[in-house]
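Chemist:
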Amino acid sequence: MGITMSEENLKEKIIIECPNKECRQKLGIPKTTDTLRVSCPRCGTSFLYPTQKIYKKKTSNRIKNHPIFFGLIITLCFLLLANRYLIGALDLNNIFLIIGICFVLWFFGTWVMDKLKEKDTKWYYQKWFIFLILLIFPPLGITLLWAGSKFKKPSKVILTLLFGSWFVFSVLTYNPGEFFYSPKDEIVKLFSTQKEEVHLKLAEHYVKNNFREVFFK
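Per the numbering used here: the sequence shown ends with 288, consecutive numbering throughout.
Next comes the structure, spelled out in structure tokens:
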């Protein structure tokens with residue numbers, strides 16, 4: 072004779088399924104948040120419910136997870152603050168604005184990298200890294216895109232056509248005088264230019280006049 076459960080008892084129990092693929096017996100267990108050890112009366116399989124889950128570790132330390140990106144953000148923040156200081160425009164508003172922009176870039180960048188992070192995929196095949204390389208040097212990015220990335224084939228075709236066309240157009244239309252770019256030279260040029268402007272602003276009136284006469288001759 073079967074056992075009929077009251078509505079009250081049904082509300083206090085949940086129905087689960089035996090994990091044994093050859094059994095799949097329906098089992099009623101108490102509704103609880105604790106971990107229970109359940110034995111199937113049909114096949115004798117013993118198991119834990121809820122099954123032990125491997126929870127993703129929350130990012131408690133983003134700096135540790137993204138040290139290179141953090142270094143780039145700090146460098147950018149320092150250069151922007153130094154630039155404002157050299158031109159005599161480093162006030163509280165600019166300080167808070169620059170720091171705020173860097174914070175936004177930091178949190179948005181880490182969020183994007185975490186969202187695009189893929190398990191069991193080498194770092195140079197990660198989607199975020201391939202996007203970065205496509206922007207910096209499309210031929211290498213396209214190679215990584217097809218070599219081992221997990222992009223779907225239509226996405227690979229679209230990205231290849233987009234960045235490949237952009238690269239070819241840039242190469243065919245570049246100005247040789249503007250093609251060479253040295254970050255080191257640009258930074259040195261930036262700081263030297265700003266220093267000259269500061270010295271000129273602080274110079275005596277007759278020095279400024281002589282400078283204008285020589286410069287505009």
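A virtual CB, placed ideally from N, CA and C, is assigned to each residue, including glycine.
Answer yes if the region 199-213 comes into contact with the region 231-238, meaning at least three C-beta pairs across the two stretches below 8 Å, and no otherwise.
Modeler: The region 231-238 vs the region 199-213: in contact.
Chemist: Rounded to whole angstroms, what is the Cα-Cα separation between Ile204 and Ile166?
Modeler: By 1-based counting over the sequence shown, the position of residue 204 is 133. By 1-based counting over the sequence shown, the position of residue 166 is 95. Roughly 31 Å between the two C-alpha positions.
Chemist: Quick one: complete alpha helix (DSSP H) runs, 4+ long, within the region 203-247?
Modeler: With a minimum length of 4 residues, the continuous alpha helix (DSSP H) runs that stay inside the region 203-247 are 209-218, 224-244.
Chemist: Rounded to whole angstroms, what's the CA-CA distance from Met184 to Thr244? Just pull it up for me.
Modeler: If you number the sequence shown from 1, residue 184 lands on position 113. If you number the sequence shown from 1, residue 244 lands on position 173. Met184 and Thr244: Cα-Cα distance of roughly 33 Å.
Chemist: Buried or exposed: where does Glu78 fall if 16 or more other Cβ atoms within 10 Å of its Cβ makes it buried?
Modeler: Counting from 1 along the sequence shown, the entry for residue 78 is found at position 7. Residue placement at Glu78 cannot be trusted, given a pLDDT of 46 that sits under 50; the coordinates are not used to answer.
Chemist: Can you grab the Cα-Cα spacing for the pair Arg133 / Cys114, in whole Å?
Modeler: If you number the sequence shown from 1, residue 133 lands on position 62. If you number the sequence shown from 1, residue 114 lands on position 43. Between Arg133 and Cys114, the C-alpha separation is close to 47 Å.
Chemist: Determine the extent of the beta strand (DSSP E) in which Gly99 is found, giving its start and end residues.
Modeler: As a position in the sequence shown, residue 99 is number 28, starting the count at 1. That run of the beta strand (DSSP E) goes 97-101.
Chemist: Taking 7 Å as the limit between beta carbons, can you name the residues of its chain near Tyr196, skipping five residues before and five after?
Modeler: For the purposes of this step, residue 196 is identified with residue 125 of the sequence shown, where counting begins at 1. So the qualifying residues of the chain are Leu215, Gly219, Ser220.
Chemist: Using a Cβ distance threshold of 8 Å, determine whether the region 144-152 contacts the region 173-184, with at least three qualifying pairs required.
Modeler: Yes, they touch.
Chemist: Can you check whether the CB of Pro209 is closer than 8 Å to the CB of Gly235?
Modeler: On the sequence shown, residue 235 is found 164 positions in, with the first residue counted as 1. On the sequence shown, residue 209 is found 138 positions in, with the first residue counted as 1. A contact, by the Cβ cut-off of 8 Å.
Chemist: In terms of residues, what are the limits of the alpha helix (DSSP H) holding Ile156?
Modeler: The residue you call residue 156 lines up with position 85 of the sequence shown. Note that residue 156 is Tyr in the sequence shown here, rather than Ile. Per DSSP, Tyr156 belongs to the alpha helix (DSSP H) from 138-157.
Chemist: Please list the segments of the alpha helix (DSSP H) lying wholly inside the region 165-207, counting only runs of 4 or more residues, in order along the chain.
Modeler: List check, alpha helix (DSSP H) in window: 198-207.
Chemist: Using 8 Å as the threshold, is the C-beta distance between Asn136 and Thr116 below it?
Modeler: Numbered from 1 along the sequence shown, position 65 holds the residue referred to as residue 136. Numbered from 1 along the sequence shown, position 45 holds the residue referred to as residue 116. No.
Chemist: Keeping to the same chain, check which residues put their C-beta closer than 6 Å to that of Gly99; ignore five residues upstream and five downstream.
Modeler: In the sequence shown, residue 99 corresponds to position 28, counting from 1. So the list reads Lys84, Ile86, once near-sequence residues are dropped.
Chemist: Around the C-beta of Cys89, are 16 or more other C-beta atoms found within 10 angstroms, so that it is buried, or is it exposed?
Modeler: Taking the sequence shown and counting its residues from 1, the one referred to as residue 89 is at position 18. So Cys89 ends up on the buried side.
Chemist: Is the CB-CB distance between Leu150 and Leu161 below 8 Å?
Modeler: Looking up residue 150 in the sequence shown gives position 79. Looking up residue 161 in the sequence shown gives position 90. Their beta carbons are not under 8 Å apart, which means Leu150 does not touch Leu161 by this criterion.
Chemist: With DSSP as the reference, label Leu163 as helix, strand or coil.
Modeler: Counting from one through the sequence shown, the residue named residue 163 turns up at place 92. The answer is helix: DSSP assigns Leu163 an H, G or I state.
Chemist: Here's the rule: buried if 16 or more other CB atoms are within 10 angstroms of the residue's CB, otherwise exposed. What is Phe200?
Modeler: Counted from its first residue, the sequence shown places residue 200 at position 129. So Phe200 ends up on the buried side.
Chemist: Any idea if Lys52 is buried or exposed, counting beta-carbon neighbours within 10 angstroms, 16 or more meaning buried?
Modeler: No information on residue 52 is available, as it lies outside the stretch 72 to 288 that the chain covers here.
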